[in-house]
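Enquirer:
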Amino acid sequence: MAKVNMRRKRRGAGNDAKLFYRGMDLGDQPRFAALANTEFRDALVRANVIGCAYGLDYIDGSRQQVPVISLVGTNPEGLVDAFHQFEQWGCIEDGDAVDISILLKKDGTYDLWVGPEVHRLFYRTLPNAGLHRSLALNVSWIKRLDSTHEMVRDLKNYCATAFHPVKFLAATCDPARTTPQGMRTVQGWKGFVKFDLRVLDENDHPDDPRFQFDAPARKRDIPNEPDISPSDLSRLRERTLDIAFPVSRERVRRSNLLANVRAITGFDLVKEVQVVQAVINLMLSDYLHKGDRHYGRIKGDWKRSLWQAVMNHAERADGETQLSDQIPEVVAKQIELDVEYALGSQHLTIRDVPFKERQIMFLSMGFVDE
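Structural data, given as structure tokens:
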């Protein structure tokens, strides 16, 4: 009779050997695309803007008159509809929610570009906007004007000063009578004040793509470049720590963890931000799967789960969570994984190389800005 092995295999035994440990750079934020509303553009097209009028007027809080730019159209309803869109963007409280640029061209004409300001667009439409790498599919209304008023040239110098508010209004007129006497204010357009109007001269900014807007498209070879640069990873990592983990970062800074990790052979060049990030990665790994380290037990779309945890995380300065209690050797292992992740973002796979050499490459490529 065959001998039966009556010993039971312990539950979970041997599982650690199958785990795939992972690193993460907290600068590799998830991407998000925001599409601007195009109703304002349609409204300005309906307004049939035929030009701009210039003048001076007072604004609240200023004893001096400031420049005024008025869009002049033949359809007041279109102008009012456009202003209602600007109101939804918040232009009454913050006129810079409307992005306006004047482009002075070499041929004596100029273009007026109007659209939503990209960063404010993100914060209006996306919770936790600072924890995303955002791409704006922006839409601008563009009006070409065939003559440049002298006041537009003066605006260029005015907007180069530190404080340069400009008031934006709207007027309507009969196309057959475009003199100042034939213009009327538009009821329903309250106006707004911008503090960041940009007036760009083609002679000073020849590489601005907006000056080549009408040029025939050129076919360009797009190289297989990394999705994100080392400097951007560094910048966005700091932003993630500032927004989501300010308390955790300070706890690690006040501990001896950096010195203890640097005392490990080969880790003497490790930077403080790497220790902070590694500790936070270990914390998130444990949050996503109790008792887990290095994201080894997370199933499915682990990056999505990780970033959802980051966005739901709330820092509490209650003294209960002491991240500095992490074992230095475990933190060092996470740092090693994080460096491998960062180098991999640049299509570099470097294995069988001592960590110190990888760390030197990591620093020389600009993954840490110190």
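Per this note's numbering, numbering through the sequence shown is continuous, rising by one, with the last residue being 379.
Glycine is no exception: its CB is placed at the ideal position from the N, C-alpha and C atoms.
Could you check where the alpha helix (DSSP H) with Lys312 kicks off and where it finishes?
Expert: Trp311 to Asn321
Enquirer: Is the beta carbon of His298 closer than 8 Å to that of Leu346?
Expert: no
Enquirer: Assign Ser373 to buried or exposed, taking buried as 16 or more other Cβ atoms, counted over all protein chains shown, within 10 Å of its Cβ.
Expert: Ser373 comes out exposed.
Enquirer: What does the alpha-carbon distance come out to for the pair Ser257 and Lys342?
Expert: 19 Å
Enquirer: Could you compute how far the alpha carbon of Val127 sits from the alpha carbon of Asp103?
Expert: Distance between the alpha carbons of Val127 and Asp103: 14 Å.
Enquirer: CB-CB under 8 Å to Ala226, same chain, minus the five flanking residues each way: which ones, in chain order?
Expert: At Ala226, the pLDDT of 48 sits below 50, so the modelled position is not reliable; the number obtained from the coordinates is stated separately. Excluding positions up to five away in sequence, the list is empty.
Enquirer: Would you call Gly71 buried or exposed, if buried means 16 or more other Cβ atoms sit within 10 Å of its Cβ?
Expert: Inspection of the sequence shows that residue 71 is occupied by Ser rather than by Gly. Under this definition Ser71 is an exposed residue.
Enquirer: How many Å lie between Tyr67 and Val123 at the Cα?
Expert: 23 Å
Enquirer: In angstroms, rounded to a whole number, what distance separates the CA positions of Ser264 and Gln335?
Expert: A direct Cα-Cα distance of roughly 10 Å separates Ser264 from Gln335.
Enquirer: For the putative contact between Ala180 and Thr194, defined by C-beta atoms under 8 Å, what is the C-beta separation to the nearest angstrom?
Expert: That belief holds up - the Cβ atoms of Ala180 and Thr194 are roughly 6 Å apart, short of 8 Å.
Enquirer: Let me confirm a value: Leu245 is counted as buried when at least 16 other C-beta atoms fall within 10 Å, else exposed. Which label applies?
Expert: buried
Enquirer: Return the chain-ordered list of same chain residues with a C-beta closer than 6 Å to the C-beta of Phe92, the five sequence neighbours on each side being excluded.
Expert: Trp198
Enquirer: Checking 8 Å against the spacing of the C-beta atoms, do Ala106 and Arg129 come in under that value?
Expert: yes
Enquirer: In whole angstroms, what separates the C-alpha of Val270 from that of Gln368?
Expert: Val270 and Gln368 have their alpha carbons spaced roughly 14 Å apart.
Enquirer: Whose C-beta lies closer than 6 Å to the C-beta of Gly32 among residues of the same chain, with five residues either side of it excluded?
Expert: Leu346, Asp347, Glu349 and Tyr350
Enquirer: Are the beta-carbon atoms of Ser243 and Phe376 separated by less than 8 Å?
Expert: With respect to Phe376, Ser243 sits close: the two C-beta atoms are nearer than 8 Å.
Enquirer: Helix, strand or coil: how does DSSP classify Arg367 here?
Expert: helix
Enquirer: In or out: Lys308 buried (at least 16 other Cβ within 10 Å) or exposed?
Expert: It counts as exposed.
Enquirer: Please state if the CB of Phe204 and the CB of Leu112 are separated by a distance shorter than 8 Å.
Expert: No, the Cβ-Cβ distance between Leu112 and Phe204 is not below 8 Å.
Enquirer: Using the C-alpha atoms, what's the distance from Val148 back to Lys312?
Expert: Looking at the two C-alpha atoms, the distance is approximately 31 Å.
Enquirer: With 8 Å as the threshold, decide whether the Cβ of Pro136 is near any Cβ in chain B.
Expert: Reference to chain B is not applicable here, since this structure consists of a single protein chain.
Enquirer: Along the chain, where does the alpha helix (DSSP H) that runs through Thr249 open and close?
Expert: Pro239 to Ala253
Enquirer: Let's see if you can read the secondary structure: which residues bound the alpha helix (DSSP H) around Thr134?
Expert: Where Thr134 is concerned, the enclosing alpha helix (DSSP H) stretches over Val127 to Thr134.
Enquirer: For Phe95, which residues in the same chain have their Cβ closer than 6 Å to its Cβ, ignoring the five residues on either side in sequence?
Expert: Val107
Enquirer: Taking the alpha carbon of Trp98 as the point to measure from, which residue in Pro85, Asp37 and Ala45 has its own alpha carbon closest?
Expert: Between Trp98 and the set Pro85, Asp37 and Ala45, the nearest pair of CA atoms involves Ala45.
Enquirer: How far does the beta strand (DSSP E) with Trp98 in it extend, from its first residue to its last?
Expert: Under the DSSP assignment, Trp98 falls outside any beta strand (DSSP E), being part of the alpha helix (DSSP H) whose first and last residues are Pro85 to Trp98.
Enquirer: Beta carbon of Ile59, beta carbon of Val89: below 8 Å?
Expert: no
Enquirer: State the beta-bridge partners of Ser143 as determined by DSSP.
Expert: Phe41
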